[in-house]
Structures are given as C-alpha cells and as structure tokens.
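In my numbering, the protein residues as written are 1368 to 1888.
Ideal placement from N, C-alpha and C gives every residue a C-beta, glycine not left out.
As structure tokens, the structure follows; a few thoughts come after it.
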Ligand code: SIN
C-alpha cells in the first residue's frame, strides 16, 4: 500500500472543508480529499441563502434569540454565540474574495425565511447562493500554494494509532492509499441519502459520520433530522428543493382543492417552523387523499418571480411547470441532519487529531431544529475555527507504528446492492420520517437488522462503501429515535407528543466489538 504524507488532511470539499483549507494553508501542506469533483457537495445546491445579522434593522442578539427558539431549547448557547458574532466577519471576507451577493441598489439585499424575526438572509444570483460561495472558495483554495486536491477519492476509514487519528485510508481508482497527517478535518456533509425522499445530492451518504463512529468518536443528537416542507413532486422530476424564500416572498401553500391551510396549523402560517409546516402538509395530504399539496406564487408579479428565483423557474419549466402561472406540486423531503460528530466550538471531536465542521459535525448550534439558512454560515464560521484549531495544536508528525501493509483482509461484495439501498432508503422514509412512533421505529429496527451482515466486511468500491456508511448511520438515527420518547423540534413521536422532560442530548459511541452504547447528557 502506498503511503502519502501531508500536514493536514481535509475530507470533503463543501463550504466547511474549503474554509478550513483556507485557514490551514498558512500552517503547512494541506490535502483536500473529495469523493467526486471538488464542487459536488450540498453547498453547491443551497438555494435560499446565508443568514447573518448585518442589515440595518438587525442585531446579533436577535439572530441569537431566533436561533435558540428554532432549536426548541436544545441549542448550545456558546456555539450559537460564536456563530452569530463571527458571521459578519466571515461574510465580509467572502465579499472581499469576490462573492457577489444580491443587492437592492448599493446595499446588500436580505430576504425573510421561516422563524427569522428580521429580514436577514443574504442570497446570490437569486437562488444560487451556495453555488456562489462554493465558486469563491474553490477559486481561493486553488490560488493557495500548498493546498493539494485529491478528487474522486473515497475515504475508507481513519488511520488510528492508540486512539489518535493519524490520517485516513483512501480508495482511488481501485487502489488504497494510506494518507498520514498531523491533523484530519472531517467535512463530509450530511446523510440525506439514507431517506428515499431528500433534497440532498447523491454524494450525501453520511460517510464522515460512519467513519468517525468506527474510529470511536462520540456522535450526538442523531435523531434530529430536518424535513424541508416544499420539494418538487412531479412525475419524472427530480426531488428539487423549492426554497423557503419563496414563502418568505409571499408564496402560499394550498391543498389540492385550492384551499390555503397553514393558518389552521400555526399563527405564523407559511413561515411557521419547518417541522410544523412539514407535518401540516402531511396532514393535508392524508385528509385529501393526495400525494402532494401546492405551493402557489401565481399572485406575485411574473417578472419578480423570474428575477428572484431564476434557477427554480428554469428547472420547473423543464417539467412543464411555469411557476408564474401554475401552482407547484410539492411534498416534504429529508433536508438536514442536526446531529453528527460531537465537537466543541473549535471543531475538536472526542478523538485526538480529528476535527469536524459543517453538517457532519454536531456543534450544538442547531439544537433540535436548524434555523433556515444558518448552515452555510455554520460551515464558514466553524470551518475556519476547526482549521485554526487543527493548525495550532497539531503536533509534529511522528510516523505512526501502524503498518503500511494492507490493513483490510475481509473484502466482501454486496451482490444485491440496488435492492438493499432502495429498501434501506424506503424504510427510513416510511418508518423513521416526519412522524414516528414505537411501532414504526420497531419495524425499522427489524428491517435494518437484516443488513447487519454487510457491516462485517470491507469494500473496494465507492458504492459499497457508501452503502455500508448509510446502513451504519441509519441504525444510529433509528436507535436514537427509539430512545427519545418525547417530541422536540424536528423529532416528532405521535405516541409521545409531549415536550416536557425532552431537553437532553443523547451521545452514541461504537465499542471495539461494534456494539453501540448511548449516554444521556
Ligand atoms: C431553502 O432555501 O429553503 C433552504 C435553505 C436552508 O435549508 O437553510
């Protein structure tokens, strides 16, 4: 097996990974490993924007309060404080590097999204905010000497020596490389693909979560999965996100009879928290016997819609939906995982030498439900912080005693790969989705147990490695949802709807034999 050495290894190339790379470039040699092309990450598809308290009417204290309220009492206040206080600095720096956020005249233009009490969401090219941020960060990273890129390279596992992370085993073009590093930053994003309906791109297979779990890292709050209420539901169309900003600009939800219904569920109607809107949509779908509801913008000016949501307008038109004239069929889909690898406010995980930032991490910033558009900001702020911490504290590299011999012996094949993947995603959507109960979760546990034999092997293809990661993460999400017998934020149990007594975190760790152990904090 070939060994590569670098000072700092970054796994993942979305906003958090690239921002960490920028920070680390001045501390030593950096290697950014990503399993596809550099820009293929959730960041690239983020539409609505990036929340930051920079408008004349806003204050960091108000952003702080809105974030805590959305998090339903489970946010870590120190992390939220860091997010809102450092946000403006990270955004101004991006603008200096060339980011073009939309403006109203000469001033930055801020839109409104659910659960924000102020207009505070910056956007770029209407509805391509993530793409603009990714563009700027890639340009920046490419301009930095000492940052190498390793695309189409799948991380198999971390290199561990006496409980310390010393790098990772990487699969590229059928060969496994041992990449040794003084510090490793996980920035692999989330795991929306474990659900059959998701807004996330195909690369989001929860790799970082499963890799960290196998290395003994502590995971936290895994049951909290945010479902986005408005995702395109049309024959042959992809599960395409219809930004919350469309409701922020006046879009109305109607059932299939054309009746607006959100006022019946929450005083904030279309701008109620996402979990409330998603459950209201499901109720209306059940009540009317339909697979979808409508998002209606037809009362808004057509020119404004085309200008404000150009990407959404063009995409829907490809599927014969003119959003200036037609109501758009929508239903919810999995969107964001609030839980992940537990970190402190500097991105340090429970494993020495291992840092995490972005959706793969659980800083506690999102609590039980993420405030819309806080995640790009989280990637910027905590990506920079994880980079700084890794750069400052990484010891000089001492060659680990880990042998350079191939460490994996038991290679397997998943013969019925497509079938297992489809079944896994379906059971998670049907049984561990928006509304959960003991019966549905028990059925999910039973179905997942039939995949356990696949975890005992190592694999040589990206697809099989992804599937292994998805199974492992799905099991933790399901077990966490079974354990939390109450409802908070995005975790809703129809058999335990009460919030009382629900304000605790559940940590998960995998013991060396593969057993999962949990701990309530
Ligand atoms: C959206 O545009 O609705 C998504 C934004 C987010 O999830 O933060």
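Check your understanding: So, using beta-carbon positions, are residue 1716 and residue 1730 closer together than 8 Å?
Key -> no
Exercise for review: Return the chain-ordered ranges of every beta strand (DSSP E) run that is complete within the region 1695-1730 and spans a minimum of 3 residues.
Suggested key: 1695-1704, 1707-1709 and 1721-1723
**Study point:** Rounded straight-line distance, which links the Cα of residue 1528 to that of residue 1772
**Key:** 14 Å
Exercise for review: Please report the Cβ distance between residue 1571 and residue 1558, rounded to the nearest whole angstrom; I am assuming they are in contact, meaning their Cβ atoms lie under 8 Å.
Suggested key: 6 Å
Review point. For residue 1837, which of helix, strand or coil comes out of DSSP?
Key: helix
Review point. DSSP on residue 1869, reduced to helix/strand/coil?
Key: coil
Review point. What are the residues that DSSP puts in a beta bridge with residue 1627?
Key: 1621
Point to revise | Whole-angstrom distance between residue 1655 and residue 1384, CA atom to CA atom | key: 44 Å
Check your understanding: Taking Cβ to Cβ, would you say residue 1562 is nearer than 8 Å to residue 1735?
Key -> no
Point to revise | Buried versus exposed call for residue 1462 [16 or more other C-beta atoms within 10 Å across all chains shown] | key: exposed
Point to revise | Distance cut-off 7 Å: residue 1883 Cβ against heavy atoms of ligand 1 | key: no
Practice item. Report the rounded CA-to-CA distance for residue 1544 versus residue 1503, giving the unit in angstroms. Key: 30 Å
**Study point:** Contact set for residue 1888: own chain, Cβ-Cβ below 7 Å, skip 5 residues either direction
**Key:** 1871, 1872 and 1874
Check your understanding: How is residue 1368 classed by DSSP in three states: helix, strand or coil?
Key -> coil
Review point. Looking at residue 1498 and residue 1405, is the spacing between their C-beta atoms short of 8 Å?
Key: no
Review point. Taking just the CA atoms, how far does residue 1649 sit from residue 1813?
Key: 25 Å
**Study point:** Short CB-CB distance (under 8 Å) between residue 1389 and chain D
**Key:** Considering every chain present, this structure includes no chain D. It has just one protein chain.
Point to revise | Beta-carbon proximity list for residue 1901, same chain, < 8 Å, skipping 5 on both sides | key: Beyond the ends of the chain as shown, which are 1368 and 1888, falls residue 1901; an answer cannot be given.
Practice item. May I ask you to report which of helix, strand or coil DSSP gives residue 1414? Key: coil
Review point. Say the cut is 7 Å; is the CB of residue 1645 nearer than that to a heavy atom of ligand 1?
Key: no
Practice item. Confirm, please, whether the CB-CB distance from residue 1629 to residue 1644 is below 8 Å. Key: yes
Check your understanding: So, is residue 1424 buried or exposed, given that buried needs 16 or more other C-beta atoms within 10 angstroms?
Key -> exposed
Review point. How is the beta strand (DSSP E) around residue 1536 delimited, first residue to last?
Key: 1531-1539
Review point. Are the region 1696-1704 and the region 1423-1437 in contact at 8 Å, needing three or more beta carbon pairs?
Key: no
Point to revise | Contacts around residue 1635, its chain only, beta-carbon distance under 7 Å, and the 5 residues preceding and following it disregarded | key: none
Review point. To the nearest angstrom, how far is it from the Cα of residue 1542 to the Cα of residue 1372?
Key: 16 Å
Review point. Would the C-beta of residue 1610 count as close to ligand 1, meaning under 7 Å from any of its heavy atoms?
Key: yes
**Study point:** Under 8 Å between C-beta atoms of residue 1576 and residue 1402
**Key:** no
Check your understanding: Is the beta carbon of residue 1747 less than 8 Å from the beta carbon of residue 1386?
Key -> yes
Point to revise | residue 1414: CB within 7 Å of a non-hydrogen atom of ligand 1 | key: yes
Practice item. Report yes if the C-beta of residue 1430 is less than 7 Å from at least one heavy atom of ligand 1; otherwise report no. Key: no
Exercise for review: Would you kindly work out how many angstroms separate the C-alpha atoms of residue 1651 and residue 1622, rounded to a whole number?
Suggested key: 6 Å
Practice item. Answer yes or no: the CB of residue 1703 versus the heavy atoms of ligand 1, is any distance below 7 Å? Key: yes
Review point. If you drop the 5 nearest sequence neighbours on each side, which residues of the same chain put their C-beta closer than 6 Å to that of residue 1389?
Key: 1507
Review point. Which residues in the same chain as residue 1485 place their Cβ atom closer than 7 Å to its Cβ, once the five residues preceding and following it in sequence are excluded?
Key: 1422, 1424, 1425 and 1429
Check your understanding: Can at least three beta-carbon pairs, one atom from the region 1604-1620 and one from the region 1658-1675, be found at a separation below 8 Å?
Key -> yes
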